[in-house]
Structure formats: structure tokens, C-alpha cells
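K.L.:
The structure that follows is given in the form of C-alpha cells.
Quick look at the structure:
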């Protein structure tokens, strides 16, 4: 069974505006091109007929157009438990835990920021596994208590041991991608099975403006394996892109199209997930403002419009705040960007549990995001208008002055029609006072502790765990330098 998600309702760009963005991107890729520090990437484009000027790749429009035809319009990322698999197409919407590893985590006990370790990755993953509205898992902590050369290996090991949901994971280059794919293949029974039913998508971030980096060689590895490539250009308004939201989105569109073309040149039909990030630079602090409305417009609304224009699955954000605590600011910003992402039909909405612009992971915030995700799903689901929902016969039956409380129609539809909070408090003020006047951060902290105490993810088979452990030890032996 595959979860099919709810469909977004809003499109910010008209077809003519999306076409203008596309035509402009083709012009930039052909005339200005992409810089590449990777000779392997340059060779792929050169062999396909692109014009190479030093380390600059000028990509003909026909290569891009052909790549867009070859890229799959539907991608499935499978769960270790098949019932958790997610179908990415059109405007189906799924929220997920976290993103790339954060340098700090907000301690559940003290509320202080500290450097996380592998145990934190394990606990965050186990929490995400238990949160019903988070349909895929990334991370909100890094394994910074192990040698840096193998941080990603330990993080990936922690993820797969603590969730049966689909995983999206970032790999820092070609060798890292190969090692992560080896680990994933052990779980599913070999590389051929992984290609048929990938249990992860791998995040690949180009460098704005208009650059391939050496770590982007992981795109070549993933394309050959036919494991979903989750793209991640990150242009920033007024910094690494024009200050206008549209100009920033155009840089992201160019980098997306270049990466999609690379993947299809390597292996036609390689699954790619579009992600036209358009980050906003705060003009006062010069920091990336995750809670900015422009970030939501560029990253989610325009991103989704362009992905839908191309008919490709897309990836965006919807669970991050610039606030340093799970407070009112965090809730407001997450609801804004989450709702825009959901209504725009972003397929993979990540970053749930991020604070401080993505610098701090918070398990309490992840729990709050789970509630907000449930509310967004309900809004995106929309309203059905048919004979059953109009309930004309029921209204006739109850008549003036009656009530619908005990009617079988109410009992049949109340759970589908009315969102019932999992975390948020709808009790009276009197009840709230008697319960201790707890605000949402306190309630979320208590829920985190309860989940970590009680929830046990589906375990991996013993032989698989041993093989994964062997791969981790092998990586440590080969990669960790003597200090």
C-alpha cells in the first residue's frame, strides 16, 4: 500500500509566467552556462555536445528539453515498511522531519543549545517515526561525536535503525553516495532491488549562482543507480541571486534544469525531484531568513509552479522558523510556510523541527510541526460538495429546532470532516487553569518525553544490522585519518 497524500489547490504562476521563466532559464544556460569544478561533470556534458569553455559548461537548449522529456513524472520513495511508501506526483503533499544535520540541538531537559551526537540522531529519528503526520524522515541533529569523515555514515545508520518510513538523506560527494547506497541495498536485498524500489531519496545541493561542485558528482552515482535525486539549489535574494523573488527563482530554475540534464545524460529515466529554492537574505542581519514570506513564495509557491509546469515531483520547505524557541513566532512562521507549501502542492515538505533558521534542531518543535502538518492536510483536502455532504435529506429529517448530535450521518462523517487536534489545546480556560496553565512548549516537551519512553520502531533483522555495522566499521577504517 502506498500513501497517496492530499492535493494542493493553489498555483501562483500562470502558464505564461512559468513559460517565461523556462525560456529565460534556457537562455542563461546556453549563453552564460554553469561553472563546474568537477571534470567528471564537464566530461558528461562535453560528450553530449555542450560547449565547454575552461570550466564553464554552456548547455544547448535541446539537451535540456530532451532531459525534461526523459525525467519520470512519478517517483515513489518506499518505506522499509511498504505501507509507509509515498507517491510523488502532481500536487500530492507530504510533510517530513528535518533536513540536513543541524550543528546544534535544543536539549529537551534544559532548553539549552548543545552539540548533538549519534544518540540524538537516533532519538530524533525515533520521534519522527512516531509522529503520524510526518511521512518521511530526514534529521534535525548531526552525529558530531564521531570522526567528521564518517559523520554521514553514522547518521544514515541511525536513521535506518530507527524508522520504517521513507528517508531523504544528504551525501557529501561520490564516495559517500556509493557507501550510503551500499547500506540501503543491504536492507532491501541488493542494488537491483534498490533501483526497483528505492527506500531513500538523496539530497544534492548545487552552489549558487550557477555552479556544480565536486560533491555534485553524487548525481552521477545516483543516476546510474536510479535512486531518486532530490535537488537543492539555494540562491539567496540580493546575495547569490537578484534581490527580486522572480530573479532568485530563476537562478534556482537554471540550476535545477542543469542538474536534471546531467542526470538524464548519465542515465535516461533517472528519477529527479525538482527543488527551486529561493532563500531570502534579511537586509538587517544578512542571514538567510527562513521565516520570511519571500522565502515561502520563492521556495514553495514558485518552485511548485515550475515543477508542475514541467510535470516533475518537487521538494520544498514548511517546518522551519527563525525563532530560537518553540514559541509564538515559531508557530506563526511554520504555519505560514507550511500552508503555502501545502496549498502550492509541494510533494516533499521538509524542515519540520528546525529553529534558528536551520541551525538548531528541536524535538519539541517537530511535535508542534506534526500538529500543524495535520491542520494543513485538512485544509489542502478541501471540501467535498455532493449529495452525501450536502445532507439535504438529513436536514429535512431533523428539521427546524432539532439537533444533529446523535444522527448517524454525524457519526459517520465527524472524524473525516473535523480535524481533531493531537497536541493543541481546545479545552476551556477553566480546564486549562486546573491542568497547570501549560503553554504549547511545555505540552510539546511532555509529548516528546512520552514518545521517547514508549515508542519502539520496527526493528531491522539481526543479520541486516550486523551488515550495516560492518559497513560503518569499514568506512571508519578507510576514511578516518590518524590524528
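Residue numbers (our numbering): 457 to 939.
Cβ atoms here follow ideal geometry from the backbone N, Cα and C, with glycine treated the same way.
The structure presented is a predicted model; accordingly, all values stated were derived computationally and were not measured.
(1) Once DSSP output is grouped into helix, strand and coil, what is the label at residue 805?
(2) Consult DSSP for residue 924 and reduce its assignment to one of helix, strand or coil.
(3) So, at 6 Å on beta carbons, what are the nonlocal neighbours of residue 604 in its own chain, with the 5 sequence-adjacent residues on each side left out?
(4) How long is the line joining the alpha carbons of residue 527 and residue 678, rounded to whole angstroms?
(5) Measuring alpha carbon to alpha carbon, tell me which residue in 459, 458, 465, 460 is nearest residue 836.
(6) Distance check for residue 598 and residue 519, CA to CA, integer angstroms please.
(7) Please confirm whether residue 595 and residue 554 have their CB atoms less than 8 Å apart.
(8) Alpha carbon to alpha carbon, how far is residue 895 from residue 617?
(9) For residue 716, does the three-state DSSP call read helix, strand or coil?
(10) Give the C-beta separation of residue 708 and residue 689 to the nearest angstrom, bearing in mind that I take them to be a contact with Cβ-Cβ under 8 Å.
(11) So is residue 634 in contact with chain C if we call contact Cβ pairs under 8 Å?
(12) What is the DSSP secondary structure of residue 484, counted as helix, strand or coil?
(13) So, do the region 541-553 and the region 790-804 have three or more beta carbon pairs nearer to each other than 8 Å?
(14) Identify every run of the beta strand (DSSP E) within the region 763-831, keeping only runs that are complete inside it and at least 3 residues long; order them along the chain.
(15) Within 10 angstroms of the Cβ of residue 576, are there 16 or more other Cβ atoms? Answer buried if so, exposed if not.
(16) Three or more beta-carbon pairs under 8 Å between the region 773-785 and the region 812-820, yes or no?
(17) Please state whether DSSP places residue 682 in a helix, a strand or coil.
(18) Please report the straight-line C-alpha distance between residue 570 and residue 819, rounded to a whole angstrom.
(19) Which residue from 742, 763, 552, 622 puts its Cα closest to that of residue 705?
(20) Excluding the five sequence neighbours on either side, which residues of its own chain have a C-beta within less than 8 Å of the C-beta of residue 866, listed in chain order?
(21) So, does the region 821-830 touch the region 899-914, judging by three or more C-beta pairs under 8 Å?
(22) Terminal residues of the continuous alpha helix (DSSP H) containing residue 615?
P.N.:
This is what the structure holds:
(1) Residue mapping note: residue 805 aligns to position 349 of the chain shown, counting from 1. Strand at residue 805.
(2) Residue numbering aside, residue 924 sits at position 468 when the chain shown is read from its first letter. Reduced to three states, the DSSP call for residue 924 is helix.
(3) Walking along the chain shown from the start, residue 604 turns up at place 148. If we look at residue 604 and ignore the five residues flanking it on each side, it has no Cβ neighbours.
(4) Residue 527 sits at position 71 when you count from the first residue of the chain shown. Residue 678 sits at position 222 when you count from the first residue of the chain shown. Between residue 527 and residue 678, the C-alpha separation is close to 14 Å.
(5) In the chain shown, counting from the first residue as 1, residue 836 sits at position 380. Measuring from the Cα of residue 836, the nearest candidate turns out to be 465.
(6) Residue mapping note: residue 519 aligns to position 63 of the chain shown, counting from 1. Residue mapping note: residue 598 aligns to position 142 of the chain shown, counting from 1. The alpha-carbon atoms of residue 519 and residue 598 are separated by roughly 38 Å.
(7) Your numbering for residue 595 matches position 139 in the chain shown. Your numbering for residue 554 matches position 98 in the chain shown. In this structure, residue 554 lies closer than 8 Å to residue 595 by Cβ.
(8) Here residue 895 refers to the residue found at position 439 when the chain shown is read from its first residue. Here residue 617 refers to the residue found at position 161 when the chain shown is read from its first residue. If I take the Cα positions, the gap works out to 33 Å.
(9) Residue 716 sits at position 260 when you count from the first residue of the chain shown. Residue 716 falls in the helix class under three-state DSSP.
(10) Against the chain shown, residue 708 aligns to sequence position 252. Against the chain shown, residue 689 aligns to sequence position 233. Sure, about 4 Å apart at Cβ, within 8 Å.
(11) No chain C appears in this structure, which consists of one protein chain only.
(12) As a working note, residue 484 is residue 28 in the chain shown. Here residue 484 sits in helix by DSSP.
(13) yes
(14) 771-773, 804-808
(15) To locate residue 576, count along the chain shown from 1; it is residue 120. Result: buried.
(16) yes
(17) If you number the chain shown from 1, residue 682 lands on position 226. Looking at residue 682 - three-state DSSP - the assignment turns out to be coil, as it is neither helix nor strand.
(18) Along the chain shown, read from residue 1 onward, the residue named residue 570 stands at position 114. Along the chain shown, read from residue 1 onward, the residue named residue 819 stands at position 363. If I take the Cα positions, the gap works out to 13 Å.
(19) As a working mapping, residue 705 is identified with position 249 in the chain shown. Comparing Cα-Cα distances from residue 705 to each of 742, 763, 552, 622, the minimum goes to 763.
(20) If you number the chain shown from 1, residue 866 lands on position 410. The answer, listed in chain order, is 860.
(21) yes
(22) In the chain shown, counting from the first residue as 1, residue 615 sits at position 159. Here the alpha helix (DSSP H) through residue 615 covers 607-618.
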